[in-house]
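Oh and the sequence shown: position 19 is 30 in the working numbering, straight run, nothing missing.
Cβ coordinates follow ideal geometry from the N, Cα and C atoms, glycine included.
Notes to accompany the following structure.
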Amino acid sequence: MAKALVGPGGIEHISGALKRPKKENGHSHGNYLVMTHRTAPTTSKDCQRIYAFAPDRYKRTGEPTQDEQLIRNKFAAVSKAVNTRMKDLTKLPQDQAAFKAQNTYTTFRQYLWALESEAYEG
């Protein structure tokens with residue numbers, strides 16, 4: 012999803028994916044259209060770029076490695092545990108009180124994710 016900065020004269024700059032290929036019947040139609048806006052200081056007046064990429068640009072070429080599969084399994088397990096814990100009304104008041112007492116994590120989900128991730132690693 013692209014982000015745009017709109018000013019009094021209209022769109023000032025756009026950054027992100029403007030268009031993605033549409034997958035239909037097992038193959039892709041169209042291409043990627045991406046715009047970037049350079050924010051670093053420069054003397055050049057050209058700070059906006061647009062790129063077009065083929066639909067298979069981000070297609071994976073090989074199977075996930077064993078390490079990637081372990082990370083995926085951990086993510087799935089921790090995500091499920093966090094969602095379950097957020098719905099558990101017996102633990103919710105204690106978790107909310109503990110979250111308010113700490114100052115490391117900015118959101119309740121981050122806090123629960125850290126707890127469940129630590130429990131997963133054992």
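Where PRO52 and LEU29 are concerned, what is the direct C-alpha to C-alpha distance, given to the nearest angstrom?
-> As a first step, residue 52 must be located in the sequence shown, where it is residue number 41. As a first step, residue 29 must be located in the sequence shown, where it is residue number 18. So the two alpha carbons sit approximately 25 Å from each other.
Which residues mark the beginning and the end of the alpha helix (DSSP H) in which LYS85 is found?
-> By 1-based counting over the sequence shown, the position of residue 85 is 74. Segment 77-98, the alpha helix (DSSP H) holding LYS85.
Using a threshold of 7 Å, is the CB atom of ALA87 nearer than that to any non-hydrogen atom of the ligand PLP?
-> Although the ligand PLP was asked about, the structure shown includes no ligands whatsoever.
On a CA-only basis, which of SER90, THR101, THR117 is nearest GLU129? Give me that one, please.
-> Your numbering for residue 129 matches position 118 in the sequence shown. Nearest of SER90, THR101, THR117 to GLU129, Cα basis: SER90.
Evaluate contact between the stretch 118-126 and the stretch 93-108, counting only Cβ atoms and requiring at least three cross-stretch pairs below 8 Å.
-> Yes, the stretch 118-126 is in contact with the stretch 93-108.
Rounded C-alpha distance that separates VAL17 from ILE25 = Numbered from 1 along the sequence shown, position 6 holds the residue referred to as residue 17. Numbered from 1 along the sequence shown, position 14 holds the residue referred to as residue 25. The straight-line gap from Cα to Cα measures roughly 9 Å.
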